[in-house]
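Input: a single structure, listed below in structure tokens.
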Amino acid sequence: MCLWVNFNLIAQKSINFTQQFTFEYQANGNRKEFSVFADPKTATWLLTRDETFGGQPEDIDFWILRPDGGIIIIGNDTSGKKQRILLKNNAFSFGTSTLKAKSLGKNTTFGANKYGWQVLKATEYVVNSGRLTENVYATQLPYSCRALLAYNSCVDVENHLPIFNNVEYYRVFTEKFLVLQDSKFRLVSVSPTEYSVDF
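With this note's numbering, letter number 83 in the sequence shown gets 206, and the count goes up by one each step, no holes.
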């Protein structure tokens with residue numbers, strides 16, 4: 124389900140994202156990083172053209188991931204006017220309310236830094252997903268992470284995150300779990316930020 128809306132006809136709201144999660148992953152033998160942003164008060168996540176998708180595509184600025192599975196894409200139409208696209212991530216409804224991963228009892232810390240930024244303690248889990256068995260580290264946050272974990276499963280989006288694609292983690296972990304590491308990626312830092320977006 125997709126709906127184009129003229130940006131200028133709608134009363135704008137503003138949301139302030141205060142946490143920046145930076146992940147590293149391997150692509151073509153090179154180490155790369157990208158960031159996503161969170162507003163803990165509303166459990167809303169933000170993806171940006173520059174920090175998340177490496178400057179592409181030119182006609183989209185922001186992807187706002189709502190805790191109800193809604194996705195708001197903010198960009199420009201062919202004439203340069205601001206527009207937003209409203210999507211519903213139908214995959215989101217297939218999430219779980221029961222943990223479907225086995226804890227291995229091993230804990231580690233992610234995001235160690237010298238700046239006093241938040242660090243996250245995560246537990247190792249083994250996840251079985253069809254033919255794939257994956258050892259992952261995950262932690263529980265005080266707000267929902269399902270919109271982020273389920274984003275790649277939305278059939279209506281063209282830009283996908285380079286992580287969270289080995290396993291449909293939103294079907295394995297309950298909504299407040301965030302996966303911090305699997306065989307393809309790991310969390311580097313959680314830093315404070317002030318990133319305000321009008322939508």
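Virtual Cβ for every residue (Gly too), placed ideally from N, Cα, C.
By the criterion of a C-beta distance shorter than 7 Å, S158 is surrounded in its chain by Q143, F144, T145, E174 and T175, once the five residues flanking it on both sides are discounted. Per DSSP, reduced to three states, the secondary structure at F160 is strand.
A residue is called buried when at least 16 other Cβ atoms come within 10 angstroms of its Cβ; S276 meets this threshold and is buried. For R154, the beta-bridge partners assigned by DSSP are Q149.
Taking 9 Å as the cut-off, the Cβ atoms of Y318 and F217 do not count as close. When the beta-carbon positions are compared, I195 and D184 stay at least 9 Å from each other. Distance from the Cα of V313 is smallest, within the candidate group R172, N212 and K244, for K244.
By the C-beta criterion, the region 301–315 is judged not to be in contact with the region 203–214, since fewer than 3 inter-stretch pairs fall below 8 Å.
Beta-bridge pairing by DSSP links V290 to no other residue. Taken through DSSP and simplified to helix, strand or coil, Y274 comes out as helix.
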